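The number in this note's numbering is simply the position in the sequence shown, starting from 1, with 5 added.
Ideal Cβ positions, reconstructed from N, Cα and C, are used throughout, including at glycine.
Computed from a predicted structure; not experimentally measured.
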Amino acid sequence: MAIAAVVVAGLIIVTVAGERSMVVIHNRSGGTLTLAVETTNPGQFSWQGDLPAGGRVVRTARFSDNSFVVVCRDESGVHRTRGGYVTNGLPQAVQISADGCAAVTIEVRF
Numbered sequence: 006m007a008i009a010a011v012v013v014a015g016l017i018i019v020t021v022a023g024e025r026s027m028v029v030i031h032n033r034s035g036g037t038l039t040l041a042v043e044t045t046n047p048g049q050f051s052w053q054g055d056l057p058a059g060g061r062v063v064r065t066a067r068f069s070d071n072s073f074v075v076v077c078r079d080e081s082g083v084h085r086t087r088g089g090y091v092t093n094g095l096p097q098a099v100q101i102s103a104d105g106c107a108a109v110t111i112e113v114r115f
């Protein structure tokens, strides 16, 4: 436990010192979802892939004023969600949660 706490603390310190924000993408649905996450200003952040039920992806990025577009594909079709405004400067935590493609939320915290 102590080693895990040191690793997490180290990641937080590196993130804050480098002005990098953390992006967590979490599939809380009961099945695999195909997700694509991008910023509205291309090139600042992009991730895509199949995320299994309960799966989580953690990435870091530097942002200027921006928001996100999440495209989710499942057996019912393609769904797009926009939101989650980020700014440059202080690191932020971005939480993108999918309870299915029709229920994607984007939260940003300082």
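Less than 8 Å between the C-beta atoms of residue i and residue j, yes or no?
{"i": "Val91", "j": "Gln100", "result": "no"}
{"i": "Gln53", "j": "Leu38", "result": "no"}
Quick check: the Cα distance between residue i and residue j, rounded to an integer number of angstroms?
{"i": "Met6", "j": "Arg25", "result": "25 Å"}
{"i": "Ser69", "j": "Asn93", "result": "4 Å"}
{"i": "Cys77", "j": "Val83", "result": "6 Å"}
{"i": "Ala108", "j": "Gly36", "result": "13 Å"}
{"i": "Glu43", "j": "Ile8", "result": "33 Å"}
{"i": "Met27", "j": "Glu80", "result": "30 Å"}
{"i": "Asn46", "j": "Asn71", "result": "6 Å"}
{"i": "Ala66", "j": "Ser51", "result": "10 Å"}
{"i": "Gly48", "j": "Val75", "result": "15 Å"}
Excluding sequence positions up to five away, which residues of its chain have a Cβ less than 7 Å from the Cβ of residue i?
{"i": "Val34", "result": "Here residue 34 turns out to be Ser, not Val, going by the sequence shown. Answer for Ser34: Ala58, Ala103, Asp104, Gly105, listed in chain order."}
{"i": "Gln60", "result": "According to the sequence provided, residue 60 is Gly. The question's Gln does not apply to it. Around Gly60: Asn32."}
Between which residues of its own chain and residue i is the CB-CB distance below 6 Å, once the five residues before and five after are set aside?
{"i": "Glu112", "result": "Gln100"}
{"i": "Leu56", "result": "Asn32, Leu38, Leu40"}
{"i": "Arg87", "result": "Val74"}
Going by DSSP in three states, residue i sits in which element: helix, strand or coil?
{"i": "Ala108", "result": "coil"}
{"i": "Ala58", "result": "coil"}
Is it buried or exposed for residue i, if we count other Cβ within 10 angstroms and need 16 for buried?
{"i": "Gly89", "result": "buried"}
{"i": "Phe115", "result": "exposed"}
Tell me whether residue i, by its Cβ, gets closer than 7 Å to a heavy atom of the ligand GDP.
{"i": "Ala103", "result": "The ligand GDP is not part of the structure shown, which contains no ligands of any sort."}
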